[in-house]
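A quick write-up on the structure given underneath.
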Amino acid sequence: MTTPDETIEDSRTELERLRRRVLKGERDSAELRNLRDRLAKVRECFYSLGSDRLENIRRLTGLLGELAGTDDPDLVDLVAGGIRAEEKRRQADESLQTHVFGHEGSDVKSNGAGDCTDRVAAEEALRISEERYRKLYEKSKRGEEIYRSLIDSSADAIVIYDMLGRVIHVSPSFTEIFGWTLEEVKGKRIAYVPDSERETTMHLIEKVIRTGVPVTGFETKRYTRDGRILDLSVMASRYHDHEDKPSGMLVILSDISERKLAEQEIRRLNVELERRVAQRTAQLQAANEELQAFSYSVSHDLRAPLRSIDGFSQVLLEDYSTSLDTDGRDCLRRVRAASQRMAQLIDDLLKLSRVTRSDMNHEKVYLSGLVGIVAKGLQEIEADRKVEFIIRPGLVVYGDKRLLKIAIENLLGNAWKFTRNREHARVEFGFVKERVHGKAEAPRTVYFVRDNGAGFDMKYASKLFGPFQRLHGEKEFSGSGIGLATVQRIIHRHGGAVWGEGIVDRGATFYFTL
Amino acid sequence: MERRIILLVEDNADDEALTLRSLSKSKVVNEVVVARDGVEALEYLLGTGDEDVETLGLLPEVILLDLKLPKIDGLEVLRRIRAHERTKLVPVVVLTSSDEEPDLIESYRLGANSYVRKPVEFTRFAEAIRHLELYWMVLNQSPPRKR
């Protein structure tokens, strides 16, 4: 015959084994019955234990607690049932005691001394059990409260379905957004999937249920109770029961109607913008092509008549000079000079238009070097002139090298030209740092070309950059007035600014930024 | 002495007169054939397509080709000259008012041997024509002929 201690030890081993199976989810009803019988046996032993039973009780209650800790509701029930049974027995014992003490007197009392110790131990076990159960209950209750408050305070609509697609719970926000109350839909399916969304929705549900992989950001539409259609982003996940068996779906529906509207508006605006850009581009292209055709025509057709005027004037001078007097020959010379000048103007105009029409090719440009090359070129053309060039070295910019060279050629060419009458002609290239008024940014670099030549009256500064605008007489300094207009177009095409400062007979300085 | 021909393709009568005047003033005596549009030029060089190539006129030593021409423009004339077995090696000098980049590029791409912009100033124009005549008719060696 086994001792109570051995029974408890056996039970403990058995319970431990069961517990492991429970944790693995392999428990079945037969084993649960087995467990229940075991517990009953343990309880039986529990009452027939000797003086060291307190320790055994502790071991037992610890075991019960562990079992309760599995979160298996059946086991928890079992433990609770055990506690309830203990409770009943305790009450029964107490009433007996009361009865004994109250009515039977001292002999019962002396006989019951052992029982009394039993009771103290039982009560202790009970108390510990109760405490554990209560804590567990409170913990799970708190957990549930947290979840509930999360669900209830969510701005997104939350629906909890069982495996058959029937509603278990909907959040208050669901009612707010869709109109149906929990009472109206509980245990039912919600008929709010539009036909157009049915297929994708079924596919989604099937996938989530089958694989257990949550889906997020699924965009779809749903009806509201009053028949409106909402755009939604859906998150769906499978949830599981205590045995880790899929038991339903949790669906969070975010109303993205406003976002969809905004997206539609953005799309509409984009289409509109693209249409406008295309329109403008076409207009610009047409204008460009027209300009191209115009320049081409000017280049070909405007020069030919001038060649005739000049050519036949020359023929007259050569073949009929004896028929003409001095005045007549002078007239023809003037005709020729005018036609040649016009040809020059046409060429300059074409050059200017080419500056505007040409493609920009941005690269690193060694500006100081460029200035040096242009200065050298000028000196080679007019070797007899002595002009001192002071070029600040090491200036590098980012721009179209070809265009910048044209700009430098014009600026230096002007400086060269207008210092013609200086005994000691000086041309300087450099830069200054200038803080843009009212702006906290780093000061901008302003490049300049300075000469000590003829200068100009600041009164006419506004006319400097207009095509064919000249501040000096043709006899004084030759030119067509296209140079600075060209410079300005080049600088503007680089997003920069250009301006000039001058004093009559003291020189001029032209500043530009890039 | 063998006949040596310059083919001048020029639609502008004034330019034609000035060019001829400049050519005749030079010491060299050459025959100048003038075609007044692209079609005329191609008919001279390649015929209308019906006749035997042998009966066609003498190939020029050089063709002075204007670009802006009625009917078939100069670039197309150039393209057809280069495409045809008979004329593909004949030197072609583009002689035109324009110095627009696309004209330059296209001319050389199609196989022009030279590109000269007609100066407006007549003295310079006459000089250019004389230089061309001297170079292409005297200094330059033409490609060998088949006949």
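Going down the list, the sequences are from chains A and B.
Under the numbering used here, read the first sequence as residues 933 to 1446, first letter to last.
Under the numbering used here, read the second sequence as residues 683 to 829, first letter to last.
Glycine included, C-beta positions come from ideal geometry on N, C-alpha and C.
Annotation: Cβ neighbours of B:V802 in chain A (cutoff 7 Å, chain order): R1235, L1238, R1239, D1242, S1271, Q1272, A1275. Under the 10 Å beta carbon count, A:T1113 is surrounded by fewer than 16 other beta carbons and is classified as exposed. When Cβ-Cβ separations below 7 Å define contact, B:E782 makes contact with chain A.
The beta carbons of A:G1097 and A:T1156 sit no closer together than 7 Å.
Within the same chain, L1284, V1287, T1288 come within 8 Å of A:R1421 by CB-CB distance, once the 5 residues on both sides are set aside.
Looking at A:K1153, A:K1318, A:R1334, the one whose alpha-carbon comes closest to that of A:K1296 is A:R1334. Comparing C-alpha distances from B:T805 to each of A:S1271, A:R949, A:T1441 shows the shortest one belongs to A:S1271. Residue range 1161–1172 is occupied by the beta strand (DSSP E) that includes A:M1167. Distances from the CA of A:R1265 to each of A:D1279, A:S1105, A:F1244, A:L1281 were compared; the closest alpha carbon is that of A:F1244.
Taking a 10 Å sphere around the C-beta of B:R703, we find 16 or more other C-beta atoms and assign the residue as buried.
For A:F1110, the enclosing alpha helix (DSSP H) has its first and last residue at 1104–1110. If only uninterrupted beta strand (DSSP E) runs of at least 3 residues are considered, those enclosed by the segment 1263–1313 of chain A are 1294–1298.
Three or more beta-carbon pairs separated by less than 8 Å are not found between the segment 1199–1206 of chain A and the segment 1171–1189 of chain A, which leaves the two stretches without contact. CA-to-CA, the gap between A:E1408 and A:I1323 works out to about 27 Å. Any Cβ of chain B closer than 7 Å to the Cβ of A:Y1252 would place that residue at the interface, and such an atom is absent. Not flagged as an interface residue toward chain A: B:D755, since no C-beta distance is shorter than 7 Å. DSSP places B:S796 in no alpha helix (DSSP H) but in the uninterrupted beta strand (DSSP E) bounded by 796–799. In the DSSP assignment, A:T1152 forms a beta bridge with A:L1164. With respect to B:Y797, B:L786 sits close: the two C-beta atoms are nearer than 7 Å. The C-beta of B:L702 comes no closer than 7 Å to any C-beta of chain A. Note that the C-beta distance between A:V1147 and A:A1168 is below 7 Å.
Of the residues B:E713, B:S824, B:T778, the one whose Cα lies closest to the Cα of B:T769 is B:S824.
About 5 Å separates the beta carbon of A:F1442 from that of A:G1432, a gap short enough to meet the 8 Å contact definition. Among the residues of chain A, those whose CB is under 9 Å from the CB of B:D697 are A1236, R1239, S1240, G1243, following chain order.
Taken through DSSP and simplified to helix, strand or coil, A:L1335 comes out as helix.
Sequence-distant Cβ neighbours of B:P801 in its own chain, meaning closer than 7 Å and more than five residues away, are F807, A810. Residue burial is scored here from C-beta neighbours: A:T1377 has fewer than 16 other C-beta atoms within 10 angstroms and is therefore classed as exposed. For B:D785, the uninterrupted alpha helix (DSSP H) segment begins and ends at 783–791. With a threshold of 7 Å between beta carbons, B:N822 makes no contact with chain A.
Contact of B:S779 with chain A is assigned, a C-beta pair being separated by under 7 Å. The DSSP assignment places complete beta strand (DSSP E) segments of no fewer than 3 residues inside the segment 1339–1423 of chain A at 1357–1366, 1376–1383, in order along the chain. When Cβ-Cβ separations below 7 Å define contact, A:H1232 makes contact with chain B.
For A:A1236, the three-state secondary structure derived from DSSP is helix. Chain B has no Cβ within less than 7 Å of the Cβ of A:Q1196.
An exposed status is given to A:M1390, since fewer than 16 other beta-carbon atoms sit within 10 Å of its beta-carbon.
Within a 10 Å sphere around the beta-carbon of A:E1250 sit fewer than 16 other beta-carbons, which makes this residue exposed.
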